[in-house]
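Note that our numbering has the sequence shown beginning at 46, numbered continuously upward.
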Amino acid sequence: MTSEFQLDKLDRAFDQIDVNSNGQIERNDLIGLGSRLLLGFGQSPTSAKGQAVLAAWDAVWTELSDGEDALSPSEFRGAMVSAFIEGEKFDSTLLPLAQSVARLADTDGDGKVSAAEFHVMARAFGTSAADSRYAFSALADSQEALTVDDLVQALREYYTSPDPGARGNAVFGPL
Ligand SMILES: [Ca+2]
Ligand SMILES: [Ca+2]
Numbered sequence: 046m047t048s049e050f051q052l053d054k055l056d057r058a059f060d061q062i063d064v065n066s067n068g069q070i071e072r073n074d075l076i077g078l079g080s081r082l083l084l085g086f087g088q089s090p091t092s093a094k095g096q097a098v099l100a101a102w103d104a105v106w107t108e109l110s111d112g113e114d115a116l117s118p119s120e121f122r123g124a125m126v127s128a129f130i131e132g133e134k135f136d137s138t139l140l141p142l143a144q145s146v147a148r149l150a151d152t153d154g155d156g157k158v159s160a161a162e163f164h165v166m167a168r169a170f171g172t173s174a175a176d177s178r179y180a181f182s183a184l185a186d187s188q189e190a191l192t193v194d195d196l197v198q199a200l201r202e203y204y205t206s207p208d209p210g211a212r213g214n215a216v217f218g219p220l
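Structure, rendered in structure tokens:
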């Protein structure tokens, strides 16, 4: 059973992913979000990190769209729930995306994402500066940096966890 709390998080994700704000999610929205991330971190689409991010967004689109050109909010919800909450596609599809984004954000490759790196990532997702600061302090719990694994775990919790107390719920700001 998927809770209202989980659906609310998915609805927020819809608005975030609908980059061209036309009320539907298309492949170009996902590629646009991926491109914004690459631009934020100054990575070219042909670099190893860049290719990983774009390929991961594309795989997510293939999973969610099921051959459709566009997804309405309710179709997006349904596809996210059946793939990642009630289904078991997280590890094969959304996990590689979370990992590729976290590795992109770890610009110096030390396995940690600093506050500055986190804020660049958050801005690409359309998160305000204030929400990004809130998110980083909620996730980092007074550490100076998040590990790549912490960030991946936070993204997993955001997209899948029914627990209102899960720390990862804060990854895009206060709910
Ligand atoms: Ca759109
Ligand atoms: Ca780093």
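Glycine included, C-beta positions come from ideal geometry on N, C-alpha and C.
From a predicted model like this one, the values you see are computed outputs, not experimental measurements.
In the structure shown, alanine 190 falls within a strand segment according to DSSP collapsed to helix, strand and coil. For proline 90, the CB contacts under 8 Å within the same chain, skipping 5 residues up- and downstream, are Ser80, Leu83, Gln96 and Leu99 in chain order.
Remark: the shortest separation between the CB of glutamate 113 and any heavy atom of ligand 1 does not fall under 6 Å. A residue is called buried when at least 16 other Cβ atoms come within 10 angstroms of its Cβ; threonine 107 does not meet this threshold and is exposed. Using a Cβ distance threshold of 7 Å, alanine 211 and alanine 180 do not count as a contacting pair. In this structure, DSSP gives lysine 94 a helical state, which the three-state scheme calls helix.
Distance from arginine 57 to phenylalanine 170 at the Cβ level is roughly 10 Å; contact not present, criterion being Cβ atoms closer than 8 Å. For aspartate 74, the CB contacts under 7 Å within the same chain, skipping 5 residues up- and downstream, are Ile62, Asp63, Val64 and Asn65 in chain order.
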